[in-house]
Structures are given as structure tokens and as C-alpha cells.
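Below: the structure, in C-alpha cells.
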Amino acid sequence: MAQFDLKTVSVLGLGYVGLPLAVRAQERGYSVIGFDVDKEKIALLKKGQNPFKDDYLEKNFSLFPLTTLTTDPADIKDADIHIIAVPTPVDAMRHPDLGPVIGASEMVAANTKKGALVILESTVNPYVSEEVVKPIFEKHGFTVGKDIFISHCPERINPGDPKWNVTNIPRVVGSFDGTGLAMSLQFYSSIVDAEIRPMKHIREAEAVKIMENSFRNVNIAFVNEIARSFDRLGIDVKDVIDGAATKPFAFMAHYPSCGVGGHCIPVDPHYLVERAKESGFNHDFLKLAIKTNDEMPAYTVERLQDALNEMEMPMKNTVIGVLGLSYKANVADLRESPALDIIEELKEHKSIVETFDPHLPEKSSVKSIEELLEKSDAIVIATNHREFIETLTPELMKKHGIKAIVDGKNCLDRDAFVKEPSFVYRGIGR
Ligand SMILES: NC(=O)c1ccc[n+]([C@@H]2O[C@H](COP(=O)([O-])OP(=O)(O)OC[C@H]3O[C@@H](n4cnc5c(N)ncnc54)[C@H](O)[C@@H]3O)[C@@H](O)[C@H]2O)c1
Numbered sequence: 002m003a004q005f006d007l008k009t010v011s012v013l014g015l016g017y018v019g020l021p022l023a024v025r026a027q028e029r030g031y032s033v034i035g036f037d038v039d040k041e042k043i044a045l046l047k048k049g050q051n052p053f054k055d056d057y058l059e060k061n062f063s064l065f066p067l068t069t070l071t072t073d074p075a076d077i078k079d080a081d082i083h084i085i086a087v088p089t090p091v092d093a094m095r096h097p098d099l100g101p102v103i104g105a106s107e108m109v110a111a112n113t114k115k116g117a118l119v120i121l122e123s124t125v126n127p128y129v130s131e132e133v134v135k136p137i138f139e140k141h142g143f144t145v146g147k148d149i150f151i152s153h154c155p156e157r158i159n160p161g162d163p164k165w166n167v168t169n170i171p172r173v174v175g176s177f178d179g180t181g182l183a184m185s186l187q188f189y190s191s192i193v194d195a196e197i198r199p200m201k202h203i204r205e206a207e208a209v210k211i212m213e214n215s216f217r218n219v220n221i222a223f224v225n226e227i228a229r230s231f232d233r234l235g236i237d238v239k240d241v242i243d244g245a246a247t248k249p250f251a252f253m254a255h256y257p258s259c260g261v262g263g264h265c266i267p268v269d270p271h272y273l274v275e276r277a278k279e280s281g282f283n284h285d286f287l288k289l290a291i292k293t294n295d296e297m298p299a300y301t302v303e304r305l306q307d308a309l310n311e312m313e314m315p316m317k318n319t320v321i322g323v324l325g326l327s328y329k330a331n332v333a334d335l336r337e338s339p340a341l342d343i344i345e346e347l348k349e350h351k352s353i354v355e356t357f358d359p360h361l362p363e364k365s366s367v368k369s370i371e372e373l374l375e376k377s378d379a380i381v382i383a384t385n386h387r388e389f390i391e392t393l394t395p396e397l398m399k400k401h402g403i404k405a406i407v408d409g410k411n412c413l414d415r416d417a418f419v420k421e422p423s424f425v426y427r428g429i430g431r
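Numbered per my numbering, the sequence shown finishes at 431, counting up by one with no gaps.
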């Protein structure tokens with residue numbers, strides 16, 4: 002197979018996805034240009050500060066400093082490969098916002114040399130490469146497949162995961178032509194120690210990622226619905242899921258919770274729903290899953306109201322301590338976090354809200370778990386951070402006079418908590 006002369010890589014967007022990838026490429030001998038529009042982030046990175054809690058970055062960030070860190074688009078002009086890893090959010094109406102992808106593509110098209118490979122790693126719906134990215138390069142006078150090559154290789158990184166990271170997660174890659182695909186396979190095989198699967202078409206590579214995250218959204222919605230049913234039926238959903246998981250085939254455990262957060266699972270399905278609608282298909286089932294998950298923060302507050310009722314306490318003016326602000330355990334990422342919706346909902350009920358997240362001290366209203374418990378009448382656990390699981394006990398709750406606990410992540414020892422008569426414990430589906 003032909004070998005391409007690929008030495009210099011520019012990574013556009015140094016976030017949860019772009020930064021580990023950039024450091025990994027540098028580790029594997031590429032000269033890496035890290036570009037971001039965020040001047041503060043670039044300044045921080047230049048000072049040698051790693052902004053993310055990520056096992057791979059914590060071990061390698063200072064060992065493999067990037068060759069260049071810049072906010073100047075002209076600095077990417079010599080790169081053989083440009084990797085776009087910018088955000089793909091939804092707007093207030095939950096419609097896809099392709100602004101950053103368009104901005105980054107325009108910038109690459111205006112600054113790249115001919116013959117370079119452009120790889121989109123951001124999560125996008127099928128047809129974005131064809132309908133959005135390719136026309137930008139054509140507008141700038143490039144012929145795709147001749148003097149510019151475009152691929153899509155969706156990132157699957159799972160921040161905070163101790164086992165799976167940028168070095169070992171298998172990838173899929175699609176391109177517009179054989180040369181783009183071969184260049185992409187050469188690059189990813191050189192940085193990832195896992196299967197790199199070529200896809201027949203670029204839109205299939207796009208669809209892989211959207212399907213993966215829609216699959217998660219739908220399965221989580223299903224267990225969230227089961228949890229709400231089991232709350233009525235008096236069945237412990239966690240025990241049932243753990244029981245079902247003893248079946249060694251055709252069952253995959255998913256767990257209910259106070260909501261789905263992060264930049265991917267609650268967001269990406271909207272990209273598919275909207276694009277399929279343009280082609281005349283209505284994703285009824287996926288839309289219902291999104292709605293089911295979106296309702297979970299409100300349901301969590303309903304569980305609290307139910308627990309407070311049992312203690313003959315009102316929601317109004319009761320101090321509710323929310324433990325955890327980030328959307329998942331042991332990370333400091335607030336994006337689409339259900340905790341934020343829970344807080345809003347509590348405020349609508351006129352409760353007084355105190356918050357604590359050990360990973361987001363600057364966003365917390367108090368400085369410690371103890372201080373939060375001392376100030377609160379009831380608590381909602383919105384994130385299953387290690388610190389909460391290790392610290393919270395029925396005795397500690399009793400000591401601080403807590404009257405109701407909603408374990409939005411089902412992370413506490415339910416049997417120990419329900420035995421204690423001084424407060425009411427509620428989980429999600431247990
Ligand atoms: N975070 C995850 O767990 C994860 C996992 C897999 C895939 N993804 C996908 O990867 C993409 C990036 O996500 P992320 O979590 O790294 O986002 P992020 O917000 O952490 O980082 C994105 C970076 O891009 C920068 N940026 C914005 N517009 C830019 C532009 N025009 N040019 C250059 N830089 C720009 C931002 O300043 C930011 O530093 C998204 O499409 C996301 O869906 C994320």
C-alpha cells in the first residue's frame with residue numbers, strides 16, 4: 002500500500018476530544034499544531050496546564066508538549082492533516098448548531114496547502130460532510146479527491162474512563178475517495194492501537210456515531226421508564242437489572258438516573274431526528290426516548306416532594322442540598338447536566354437550594370459535604386462522585402438532621418438507608 006508523507010498535524014478545537022488526540026499524535030512522532038479560538042485556553046496550555054481530568058492526559062500532557070499552540074489560523078498552513086474537533090451543540094430549540102463546524106471548515110479551507118487531508122472528528126449527522134463541509138472546500142477552489150481529501154472519523158472518547166482512551170478505542174473512518182481513506186487509515190493506525198474500520202461511505206461513518214449515541218439514549222430511556230413504573234409497583238429496579246444481567250446473552254445493563262447529560266447522549270440524537278425529517282422520516286421512537294430522558298430531572302424533584310410529604314414538610318422554603326453539579330461521576334463537566342435542571346425545578350418550587358460539587362468548587366454554594374449537610378433539610382444526589390459514595394452514611398444524615406434523601410444515581414446502600422427512621426430515602430426506581 003502507498004505510504005503518504007504525513008508529518009504535521011493541526012488539531013482544531015482543543016477540548017475533551019481534540020487535546021488528548023493532539024497529545025497522542027505528538028507522542029507518536031507527529032509535529033502537532035494545536036489551534037483553538039479560545040485565547041484563554043491557549044494561554045493556559047502554553048503555561049503547561051492541563052485543563053481536563055483525563056487519565057491519558059494526566060500521564061502524557063507534560064511529557065509530549067505540542068510543537069505549536071496558537072490562535073492564529075495562518076499557523077496551520079503547513080499541516081499535512083487538519084483534524085476538526087469543535088463542538089456540535091444544539092440551540093435553545095434543540096436544533097443542531099453547525100456554526101463551529103462551518104467556522105473551522107472555512108478556516109481550514111482558507112489556510113490549508115493543497116493535497117492535505119481534512120478529518121472531521123466532531124459528531125455530526127449523516128450528510129454533514131457532503132452537504133456542509135465539502136461545499137466549503139469547493140467554494141475555496143479545491144477539488145475534493147484531487148487537491149484536498151476529506152474524511153470523517155467520529156471520536157468515541159469517554160472522559161474519566163480509566164480503561165478506554167484515545168490510544169485504544171477502535172475507530173471507524175469514512176472518506177469521499179480511496180486516497181482520503183488510505184491517508185486516514187495510515188494516520189489512525191499510527192496513533193491508535195486498535196481496529197480502524199474503513200466504512201464504505203463517509204455518511205456511514207457519520208451514522209455510526211449517531212447510532213451509537215441514539216442507542217444509549219433509547220436504552221437509558223427504557224430503563225428510566227421501567228424505573229418510574231417500578232416506583233409504583235414497589236419493585237427495586239436496580240436489583241431487577243442486576244438480576245437480568247446474569248443472562249449471559251441478549252441483555253445489556255443500563256441504569257436509570259435523575260437524567261442524561263454531557264455533550265453527546267442528550268444532544269446527538271437531535272442531529273439525526275432533524276436530518277431524517279428533511280428526508281421525510283419521522284423518528285417517533287427516538288423522540289419519545291429523548292422526551293423520557295428529559296423528564297427525569299423533574300421526576301427526581303417529584304420523588305423529593307413525595308419524600309418530603311411523608312415527613313409532612315413543604316417544598317417551599319425548605320433547604321435542599323444538591324450534591325453534584327457535573328453530568329457524570331468524577332469529572333468537572335457541566336454540559337447539559339441534569340443537576341442544573343434539578344436546581345431550576347427546585348427553585349420553581351420555591352425551595353432554597355445549596356450546592357456542592359468537589360470537582361466544581363467555584364460553582365458550588367458551599368465548601369464541603371459537611372457544610373452542605375449542615376445547612377440542608379433534605380438532599381438530592383445528582384452525581385455519583387466517589388467522594389459522596391465514600392462519605393454519605395445513614396449516621397451522617399441523622400447527625401445533620403436530614404429529613405429526606407433522593408438518590409438520583411441509586412449510588413447509596415439503599416438497604417442501610419431505608420432502615421433509618423429519622424429520614425425518608427427515595428431512589429429512582431427503588
Ligand atoms: N466530550 C466527549 O465526551 C465527546 C466524545 C466523543 C465525541 N465528542 C464530540 O467531539 C466534538 C468536540 O467535543 P468536545 O467535548 O471536545 O468539545 P469541547 O467544548 O470540550 O472543545 C471544543 C473546543 O473547540 C473550540 N472551538 C470552538 N469553535 C472553534 C473553531 N471554529 N475553531 C477552532 N476551535 C474551536 C472551543 O474553544 C473548545 O476549546 C463534539 O462534536 C462532540 O460531540 C465529544
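Glycine included, each C-beta is placed from N, C-alpha and C at the ideal position.
Going by the beta-carbon positions, is the gap between residue i and residue j smaller than 9 angstroms?
i, j, result
"Asp55", "Pro155", "no"
"Leu273", "Ala222", "no"
"His350", "Lys317", "yes"
"Pro152", "Val119", "Strictly speaking, residue 152 in this sequence is Ser, with Pro absent from that position. Yes. Within cutoff."
"Phe188", "Gly146", "no"
"Val323", "Ala383", "yes"
"Val174", "Arg198", "yes"
"Leu15", "Phe36", "yes"
"Ala254", "Ile242", "yes"
"Gly428", "Lys239", "yes"
"Met184", "Phe150", "yes"
"Ala379", "Ala417", "no"
"Ile192", "Val167", "yes"
"Pro52", "Lys42", "yes"
Since residue i and residue j should fall inside the 8 angstroms C-beta cutoff, what is the C-beta to C-beta distance between them, to a whole number of angstroms?
i, j, result
"Glu131", "Ile203", "7 angstroms"
"Val381", "Leu305", "6 angstroms"
"Lys114", "Lys78", "6 angstroms"
"Gly116", "Asp148", "6 angstroms"
"Ala330", "Arg387", "7 angstroms"
"Ser106", "Ile85", "7 angstroms"
By the DSSP assignment, the alpha helix (DSSP H) with residue i in it spans what residues?
i, result
"Ala417", "415-420"
"Gly181", "179-192"
"His271", "269-279"
"Phe389", "387-392"
"Pro21", "19-28"
"Tyr426", "Per DSSP, Tyr426 belongs to no alpha helix (DSSP H); it is in the beta strand (DSSP E), 425-428."
In whole angstroms, what separates the C-alpha of residue i from that of residue j?
i, j, result
"Asn385", "Ser369", "15 angstroms"
"Asn61", "Ala208", "31 angstroms"
"Tyr256", "Gly325", "18 angstroms"
"Phe216", "Thr124", "15 angstroms"
"Gly409", "Ala340", "10 angstroms"
"Trp165", "Thr319", "42 angstroms"
"Thr104", "Thr293", "Note that residue 104 is Gly in the sequence shown here, rather than Thr. The alpha-carbon atoms of Gly104 and Thr293 are separated by roughly 33 angstroms."
"Val407", "Phe252", "28 angstroms"
"Leu234", "Asp295", "22 angstroms"
"Met108", "Pro74", "7 angstroms"
"Asn411", "Arg431", "8 angstroms"
"Leu13", "Ile82", "11 angstroms"
"Ala93", "Leu99", "14 angstroms"
"Ala44", "Phe65", "17 angstroms"
"Glu226", "Asn220", "10 angstroms"
"Glu313", "Lys248", "43 angstroms"
"Val134", "Ala111", "13 angstroms"
"Ile291", "Leu46", "36 angstroms"
"Lys348", "Pro315", "13 angstroms"
"Leu1", "Asp194", "Residue 1 lies beyond the residue range present for the chain, which begins at 2 and ends at 431; the question has no answer from this structure."
Kindly list the residues whose CB is nearer than 7 angstroms to the CB of residue i, restricted to its own chain and excluding five residues on each side of it in sequence; keep chain order.
i, result
"Ala333", "Lys54, Ser327, His360, Leu361"
"Val38", "Thr72"
"Glu346", "Pro298, Ala299, Val302"
"Arg95", "His271"
"Glu375", "His401"
"Arg276", "Asn126, Pro127, Tyr128"
Using C-beta distances below 6 angstroms, list every residue in its chain close to residue i, excluding the 5 sequence neighbours before and after it, in chain order.
i, result
"Val33", "Val10, Ala23, Ala26, Gln27, Leu67, Thr68"
"Glu196", "Pro171"
"Met398", "Phe424"
"Asp269", "Thr124, Ile211, Asn214"
"Leu182", "Ser176, Pro199"
"Thr392", "Ile370"
Report yes if the C-beta of residue i is less than 8 angstroms from at least one heavy atom of ligand 3; otherwise report no.
i, result
"Ala208", "Ligands in the displayed structure: ligand 1; ligand 3 is not one of them."
Quick check on the DSSP output: the beta strand (DSSP E) that includes residue i runs from which residue to which?
i, result
"Gly322", "320-324"
"Asp408", "405-408"
"Glu356", "In the sequence as presented, Glu is not what sits at residue 356; that position holds Thr. Segment 353-357, the beta strand (DSSP E) holding Thr356."
"Ala3", "It is not in any beta strand (DSSP E) - Ala3 carries neither H nor E in the DSSP assignment."
Using a Cβ-Cβ cut-off of 8 angstroms (strictly less than) and excluding sequence neighbours within five positions of residue i, which residues of its own chain qualify?
i, result
"Leu287", "Ser215, Asn218, Val219, Pro270, Leu273, Val274"
"Glu355", "Val320, Ile321, Gly322, Val323, Ser366, Val367, Leu373, Lys376, Ser377"
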